[in-house]
Structure formats: structure tokens, C-alpha cells
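One structure below.
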Amino acid sequence: MADSALGGKVRDKVVVITGGARGIGLATATALHNLGAKVAIGDVDEVRVKETGTSLGLDLYGRLDVTDRQSFSEFLDEVERQLGPIDVLVNNAGIMPLGRVVDEPDEVTRRILDINVFGVILGSKLAAQRMIPRGRGHVINVASLAGETYIPGAASYCASKHAVVGFTDTARLEYRTTGVKFSAVLPTFVNTELIAGTSGVKGFKNAEPNDIADAIVRLVAKPVPRVRVTRAMGALVASAKFMPRSVAESVNRMLGGERFFADDVDLEKRKAYEARARGQE
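Right under this line is the structure:
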């Protein structure tokens with residue numbers, strides 16, 4: 006779809022993006038803002054979200070804790086007061102602490118589930134409650150290809166993204182006749198701080214934040230239930246469902262899937278991200 010056609014479908018839409026201060030959220034906010042959407046970004050990092058919102062020239066940005074109903078609801082209320090009824094919510098906020106499951110502190114497990122699962126469900130509910138009476142709206146949940154497969158070293162993360170995929174598909178069916186759409190975006194490795202210190206999948210290029218942003222922009226313009234990015238990794242993960250389990254797991258091993266989040270992690274390069282993801286900063 007050409008940029009002019011995208012702009013015509015995106016321009017003036019009110020779009021809220023969680024986790025919008027960096028990475029995929031920042032790339033998505035930039036792309037939609039440049040196409041004329043009315044973009045509001047929220048992020049738990051108050052300093053960073055202010056810097057990002059100011060640099061982009063957004064009308065609305067601020068602190069948003071996706072795990073707190075009052076914080077989320079008040080943010081959406083402020084968006085509607087200043088920008089108008091919300092057309093699109095992009096539930097992008099998420100964390101990925103790594104480590105084998107028996108070594109994972111309970112508070113880290115809880116934090117992963119609170120942000121990656123409860124935050125998505127809470128945001129979806131709060132947005133849909135506003136959208137359903139109007140008969141229009143779109144909730145886009147950023148999951149992961151980890152939500153369709155399994156990766157040693159990231160068991161809780163995989164569980165959280167499987168939950169997002171299942172939740173999004175179910176909500177889409179529940180509200181298919183209301184005019185409110187639900188979509189899931191499933192990225193592969195993306196070159197953001199989230200994958201710091203990891204090596205990626207052998208033989209496959211990582212995605213860039215702009216690749217995911219482009220997919221989200223196209224979803225805003227033309228909703229579909231699910232988008233995988235990149236196409237190559239998406240095809241591999243999707244095709245694995247039709248292979249005998251032993252074959253699929255052998256392919257996964259050959260591509261390094263049992264090591265890149267478990268044994269082949271550069272802990273020093275990952276130190277800063279892990280501290281923030283685990284709430285230690």
C-alpha cells in the first residue's frame with residue numbers, strides 16, 4: 006500500500022501507544038505521526054517519554070503504568086479529552102527478562118505476567134469499553150513469534166506471548182459484530198535493547214523497529230487478525246506446526262533456538278536492560 010493511500014486511511018485517527026518511549030513503540034509513534042495521525046504515547050519511564058514526546062512534537066504524552074487500572078484509565082480519559090475518541094490502542098509495552106525458569110525469581114515471573122499479559126488485557130478492556138458503544142475502534146496487541154513457538158531461556162516470556170495471542174483471537178471473536186477489531190502483531194527478533202546480548206536466529210536477519218512499525222501502520226489502515234514479521238521467520242514458525250514435533254525441534258536446534266536465550270547470552274551487554282526489565286533501576 007503506497008504512502009499516500011496509507012496516509013489517507015491513517016490521517017487524523019486518534020492512536021494511543023503504550024511503551025511508546027523507545028524501540029517499537031517509538032518507531033510506531035513516529036511513523037503514524039508522520040502520516041498525520043493524532044498520536045499519544047504512554048510509558049512507565051516518565052523522563053524518557055517526555056523526551057520522546059517533545060522530540061516528536063506530539064500533543065499528548067505522559068507516564069502510564071499498564072498494570073494499574075487507574076493510571077491506564079486516566080491516561081485514556083485524558084487522550085479523549087484532548088484529542089477525541091480513541092480509534093486505535095496499540096498495546097506495545099512488554100519486557101523480556103531471560104534465564105532458565107528454575108532460576109527466575111518469583112517477583113520477576115510476576116512482573117512479566119503483570120506487564121505482558123495483565124497490561125494487555127487491561128488496556129484492551131478499557132479501550133473496548135469506550136469503543137463498543139461507538140461501534141468502531143481497533144485494538145492492536147504486540148505479541149511475538151514466541152507466542153507461537155517455544156524458546157529455552159525465556160519460558161515465562163513465551164508463556165506471556167502465547168497468552169496475548171490467545172486472548173487477542175478470543176476477544177476478536179467475542180466482538181466481531183460490534184465494529185471493534187482486534188489484531189495481533191508477532192515480531193521476530195527486533196534490533197532493540199530487548200535483545201541486547203543475544204545472537205539471533207542462524208541464517209535469518211533480525212527485524213528493525215521500523216519493520217514492525219510499518220506492519221502496525223498497515224494494520225491501522227486495513228485491520229486483519231494477525232501479522233507476522235518478518236515474513237521469512239513467520240513462515241518458518243507457522244510451518245513448524247505442520248511438522249512432526251521431533252522434526253520441528255530438530256530444526257529449532259539447528260537454528261540455535263535452544264541456546265540463543267539460554268547459553269549464548271552476553272550477560273554484560275544485557276546487564277542494563279535486565280536491570281530495567283526486572284524493576285531494579
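Residues in the sequence shown are numbered from 6 upward in steps of one, following the numbering used here. Just so it is clear, CB atoms sit at the ideal spot from N, CA and C, and this is done for glycine as well.
- Between the beta-carbon of Ile91 and that of Leu103 there is about 34 Å, and that puts the pair past the 8 Å contact cut.
- Contact between Leu40 and Val222 is confirmed by a C-beta separation of about 7 Å, below the 8 Å threshold.
- Each of Ala133, Ala32, Leu11 was checked against the Cα of Asp216, and the nearest Cα belongs to Ala32.
- When C-alpha distances from Arg74 are compared across Leu224, Leu131, His143, Val229, the shortest belongs to Leu131.
- A straight line joining the alpha-carbon of Met101 with that of Phe194 spans about 12 Å.
- Taking the CA atoms as reference points, Met248 sits about 21 Å from Arg231.
- Looking at Leu69, Glu273, Ile46, Ser161, the one whose alpha-carbon comes closest to that of Ser60 is Ile46.
- Using a 10 angstroms sphere on the CB of Ser188, the tally of other CB atoms reaches 16 or more, which defines it as buried.
- In the DSSP assignment, Phe187 is bridged to Val144.
- By the neighbour-count criterion, in which a residue is buried when 16 or more other Cβ atoms sit within 10 angstroms of its Cβ, Leu69 is buried.
- Considering only Gly28, Gly13, Leu94, Gly25, the residue with the shortest C-alpha distance to Val19 is Leu94.
- Excluding five sequence positions before and after Gly239, the CB atoms of its chain that fall closer than 6 Å to its own CB belong to Arg233, given in chain order.
- Linking Asp119 to Asn257 through their CA atoms gives a straight-line distance of about 29 Å.
- Distances from the alpha-carbon of Phe209 to those of Ala151, Gly261, Lys166, Arg181 put Gly261 closest.
- Between Val169 and Glu153, the CB-CB gap reaches or exceeds 8 Å.
- Put simply, the region 258 to 278 touches the region 197 to 204. At least three CB pairs are less than 8 Å apart.
- By the neighbour-count criterion, in which a residue is buried when 16 or more other Cβ atoms sit within 10 angstroms of its Cβ, Glu286 is exposed.
- Nearest Cα to Val147 within the set Gly24, Arg281, Leu11: Gly24.
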